[in-house]
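Report on one structure; see the data block that follows.
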Amino acid sequence: MKTSVYSHRLVSRILSFFSVVAFAALPVKAEQMVSTERMASQMGQFLKAEITAHLAAVTNINPPQATVLGAPTAGDFSWGSFMRALSAVSALTGETNIGGRNIAQFVGQLGLIEARGGGKTFAQLGSALTLRHYGMDLKTNALWQSLSPSDRKEWRSLLNPARFYDFKKHHVIDLPENYMGVASRIITMDIQFGLVTNLDVANGILEHAAAQFLHGARYTDDNMPVGRYDRYSQEYARCVYLAAGNIGRADIQAADAPALKAVMGTWWALVDTNGYGYPWGRTIGDISYMDTMDIIGFLADHPQFRPAPLKDLASVYFAAWHSLLRDYHGHLLNMFGFGRGNYDYMTVAREWQQTMDFFYKSAESLQHLASAMRAEHVTEFPATPDLPNVARFDFFRKNDGEGGREAGAWLVRRGALHFTLPFTTGIRPAISDYLPAPHGLPGFAAPVEQMAPVLTPFLTLADGRTLAAADDADQIIPAKDGLGVTAIWHRFAQIIAVPPGARTNADLPFGQPEQFANVGLTSRVTWKLNGDTLIRAERLSATNTIVIRLFSVIFPSTANHVWTTCNRGRRADTFSGSDATLEVSAAARGVKFNESLEATGNSAMGRGTLRPIPLILHITAGNILVKPGKPFEWMIRIQSLSAK
């Protein structure tokens, strides 16, 4: 009888489930405290057992086998991530031989796969960090000494940032700004290894990478000058700081330090009790939990940037770890389950690679965290994070007086209402993940990477253009008490139509400003908290008569139940699910809304960052006339009933 790869993987995942449960069951005291040593021991056991299982499944690397444990290996960075995971677990456990293989020799051969396959960026960074595990002096470096002269030549090529960095233009090639940080880390390690002897070359890359910090930026624009701000601000700052330390550039570290202090404060204000980090943008799902562990590993080594005591950071770290374990089945992270959204570039071909990222980020961060906790005599920490209440606005960028847009995020953590509402630009104009909406609010989720009017109306004009008040803002006015924010748009994002099935991951052109539409329309939006209710009120005014042929906005919900009530002609929809119960109602002055509910099924609109989006409330209206002195006003109310 023939059996499919899928059936083998299913059996493997069922068996692995019990293995994960065994490793995950950390006993805690009555007061719910976790022992530092117990956590470190059990994490180490889990990582060793799992990397051993993957290593045993790799039987051919020349040529490299197509799958490992049923998962493809052809995705970007795959073998570089495996290499880094092996060396990280080896360093964590102190074992140089795993599964009967000499790890230094084996990872040396894995590097040749990336060298010959054109591996770049994170494949190169992973290779450099793997080599560093065995020492900076290549004369005694076990990995380097295991290589033949021809192998070393290929490794030198692999560690050359010219694979993605243009030395003439002093910039990465068709990549976001954060890759400048990756290039700077690679070149400065090349200096440390002695593979590059011209320090001016490394300083040149590093100084260009640090340009935003050297000009006083606290948050980095990932597509200058567009104004794209997300979790990469903190990763970029970390990369530049570490690269500067590699070659003794204390001046660049000093310029970077205020940015690290700022971004770590923002991260601490938005991280969830389950360890989930930035709720908007491209780093979604399991990657966000890994990001949290990575951040805390850095903060363990650099206490001057900690936004909270080490024991509280450890509590969030522990939560992120357990969130990842819940998603780990059959020796792989379950990133592509029903209702789970992923960005276009995160294909099934990268399932194995992302699992390896889980291993190396866990192993590396655990080494840093456990070492710091021992040094600082933190023997235990709370099993459940106790995060402080937050209600404030963090500016990412303010108006420069030359027509620039403002950007930032409203950060709220108050009982059942906790979310981050960003004003920033995404990879395309008005894309769902970057819209000014309460990302992270329990019961609500934006469909991943969709052109959809998520709590931000799409306005189709008579000439056929569709606009949105999005992509940073012309002016942002935070409430003094932190309980609200007002944003004003005179220039609107223009929606680029995407045919069904077409890629939406085509970035806005790098290095070019976004082209906005100024049609004489102004949107003034005020978000505010009123007890257990979040309110969005918008006023659209015009300097000339404008016809909005179609007004469209949606509320996507993670609930699996909904009921509708009408009271005195006013409709309210109550969405109830495992994470929250929310009542949503909308009203407009002088305009009758058409409201309908959609069950998304297995469509792209039903895929969220962490869980399915089964239901969507659609709110539309047609032929709205906006005249000078006669604005259009509307409001949507989201009331949390979770505590009732």
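Its first residue numbered 2, the sequence shown is counted upward by one per residue in my numbering. By construction, the Cβ of each residue, glycine as well, lies at the ideal position given by its N, Cα and C atoms. Predicted, not measured: the structure shown is a model, and the values here were computed from it.
Check	Outcome
CA-CA distance, Phe396 and Gly409?	4 Å
With DSSP as the reference, label Asp473 as helix, strand or coil.	coil
Where do the N-terminal and C-terminal ends of the beta strand (DSSP E) with Asp395 fall, by residue?	Val391 to Arg398
For Met34, name the three-state secondary structure that DSSP assigns.	strand
So Thr457 and Ala431 are in contact, right, with Cβ under 8 Å, and what is the actual spacing, rounded?	7 Å
Three or more C-beta pairs closer than 8 Å, one from the region 336 to 343 and one from the region 51 to 62: is that the case here?	no
Pull up the DSSP beta-bridge partners for Trp145, would you.	BP columns for Trp145 are empty, so no partner.
By how many angstroms is the C-alpha of Asn98 removed from the C-alpha of Leu160?	25 Å
Does the beta-carbon distance from Phe107 to Leu126 come in below 8 Å?	no
Assign Tyr166 to one of three DSSP states: helix, strand, or coil.	strand
Could you say if the region 64 to 74 and the region 89 to 97 meet the contact criterion of at least three C-beta pairs nearer than 8 Å?	no
Under three-state DSSP, which class holds Ile297?	helix
Got a sec? Which residues, its chain only, sit under 6 Å from Arg239 by beta carbon, not counting five neighbours each side?	Phe299
Pop quiz: Asp472 and Ala453 are said to be a contact at Cβ under 8 Å. What is the actual Cβ separation, rounded to whole angstroms?	At roughly 15 Å, the Cβ-Cβ gap does not stay under 8 Å, so Asp472 and Ala453 are not in contact.
Sort Ser36, Leu111, Thr37 and Arg85 by Cα distance to Thr60 and report the nearest one.	Leu111
Using the beta-carbon count (16 or more within 10 Å), is Pro629 buried or exposed?	exposed
DSSP puts Met636 in a beta bridge; with which residues?	Ala538 and Ala588
With DSSP run on the structure shown, which of helix, strand or coil describes Lys593?	coil
Beta strand (DSSP E) containing Ser577: first to last residue?	Arg571 to Ser577
Whole angstroms is fine: what's the gap from Arg10's alpha carbon to His332's?	For Arg10, the predicted model reports a pLDDT of 44, less than 50, meaning its position is unreliable; a value from the coordinates is still stated below. If you take the alpha carbons of Arg10 and His332, they lie about 9 Å apart.
Helix, strand or coil, according to DSSP, for Val486 in the structure here?	strand
Do Thr534 and Ile639 count as a contact pair if the criterion is CB distance below 8 Å?	yes
Could you give the residue range of the alpha helix (DSSP H) that holds Gly109?	Ile104 to Arg117
Under 8 Å by Cβ, that's how I've got Trp281 and Tyr435 pegged, so tell me the actual separation to the nearest angstrom.	6 Å
Tell me which residues share the same chain as Thr348 and place their Cβ nearer than 8 Å to its Cβ, disregarding the 5 neighbours each side in the sequence.	Gly76
Quick one: grab the DSSP three-state call for Leu642.	coil
Quick one: residues in its chain with C-beta nearer than 6 Å to the C-beta of Asp191, no 5 flanking neighbours on either side, listed in chain order?	Leu160 and Val197
Please confirm whether Thr565 and Arg571 have their CB atoms less than 8 Å apart.	no
Report, in whole angstroms, the separation of the C-beta atoms of Ala163 and Gly182, which I expect to be a contact under 8 Å.	So it is not a contact: roughly 17 Å between Cβ atoms.
Can you give the Cα-Cα distance for Ala320 and Ile296, rounded to whole angstroms?	14 Å
If I follow the unbroken alpha helix (DSSP H) through Ser234, where does it start and stop?	Tyr233 to Asn247
Hey, out of Gly532, Ser433 and Gly109, whose CA is closest to Ile496's CA?	Ser433
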